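In our numbering, the protein residues as written are 101 to 394.
We put the beta carbon where it would ideally sit given N, CA and C, even for glycine.
Note that the coordinates shown come from a computational prediction; the quantities given were computed from them, not determined experimentally.
Here's the structure, in structure tokens; my notes come after.
This is the structure we're talking about:
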């Protein structure tokens, strides 16, 4: 929420959950001076605050079931970072998805549940439900302990079935990937030519590097991804950087159709050219737009 309760004008009533703002505040205040490299690191930050909070709420669960015991061992060892190779990140995301739908869908239906679960609201809803000992929806689903155990058990079994029995083969990037889809690539016969990907991604709706899933189509990064990144050094504009994906050109035959993708995936940048002389030096061609005579 960005305004106080007594703000006199209506700006809406559906606010972001604030986890990304909290993480950004922590990173901006832990160091007195920040440079270009620091902001590049911030762009790639995938610390998931609600993921860590969810793990804290698993304390004391019974470990009699081997799948539940495996889940608890993985999650308690997880550092809360949703990087591409994260085993704990994959398990957290799946358990959260199962738990949210287990609690909400019987009462709200699939469509409304998906709408509520978008843009990080699922994290807020879930933690509030788990923290309320009088919550009727939790009680009707069997109680707090039962719903948590059930979600962990189902998540582990799903991962074993879909990604293999060895947990070392599980990773968030195997579930969470981005495809750059051209408008013509919507046709199945043209998709391979025009589309690029899928590329494994880290992050989710609650991380600074925001790569949100579409709740109705888990777990691909179809909702949000930072396709353009920019760092401007106001002390020396020549040190400014940017990157966008997949490439500068929208023409399939151009070498620049997708040539920035690998840099973007790695968190790399290219210089932003501010001075005319630099632009002239780096230019590989010129495009002249001549108005048609009336």
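What does a CB cutoff of less than 6 Å around residue i pick up in its chain, not counting 5 residues either side in sequence?
| i | result |
| --- | --- |
| residue 127 | 142 |
| residue 329 | 143, 343 |
| residue 318 | 197 |
| residue 283 | none |
| residue 204 | 213 |
Nearest to residue i by CA position, among the options, is which residue?
| i | options | result |
| --- | --- | --- |
| residue 195 | 145, 154, 371, 310 | 154 |
| residue 277 | 170, 375, 190 | 190 |
| residue 224 | 150, 351, 361 | 150 |
| residue 336 | 120, 275, 371 | 371 |
| residue 361 | 354, 355, 345, 368 | 345 |
| residue 339 | 140, 125, 103 | 140 |
| residue 199 | 226, 138, 185 | 226 |
| residue 245 | 231, 257, 256 | 231 |
| residue 272 | 389, 187, 359, 171 | 187 |
| residue 323 | 162, 215, 263 | 215 |
| residue 118 | 179, 212, 219, 175 | 219 |
| residue 217 | 304, 379, 351, 326 | 304 |
| residue 275 | 265, 286, 266, 299 | 299 |
| residue 157 | 192, 261, 333, 133 | 192 |
The alpha helix (DSSP H) with residue i in it runs from where to where?
| i | result |
| --- | --- |
| residue 261 | 244 to 263 |
| residue 166 | 166 to 177 |
| residue 200 | 187 to 208 |
| residue 224 | 221 to 231 |
| residue 382 | 376 to 382 |
| residue 240 | 236 to 240 |
Give me, in chain order, the residues of the same chain whose beta-carbon lies closer than 8 Å to that of residue i; leave out the 5 immediate sequence neighbours on both sides.
| i | result |
| --- | --- |
| residue 165 | 249, 253 |
| residue 145 | 123, 127, 307, 308, 309 |
Going by DSSP in three states, residue i sits in which element: helix, strand or coil?
| i | result |
| --- | --- |
| residue 348 | coil |
| residue 277 | strand |
| residue 357 | coil |
| residue 297 | strand |
| residue 370 | strand |
| residue 342 | strand |
| residue 101 | coil |
| residue 386 | coil |
| residue 286 | helix |
| residue 152 | helix |
Where do the ends of the beta strand (DSSP E) carrying residue i lie?
| i | result |
| --- | --- |
| residue 331 | 328 to 331 |
Got a sec? Which residues, its chain only, sit under 7 Å from residue i by beta carbon, not counting five neighbours each side?
| i | result |
| --- | --- |
| residue 206 | none |
| residue 257 | 167 |
| residue 243 | none |
| residue 201 | 213 |
Along the chain, which unbroken stretches of the alpha helix (DSSP H) at least 4 residues long are found entirely within the stretch 109 to 150?
119 to 129, 136 to 143
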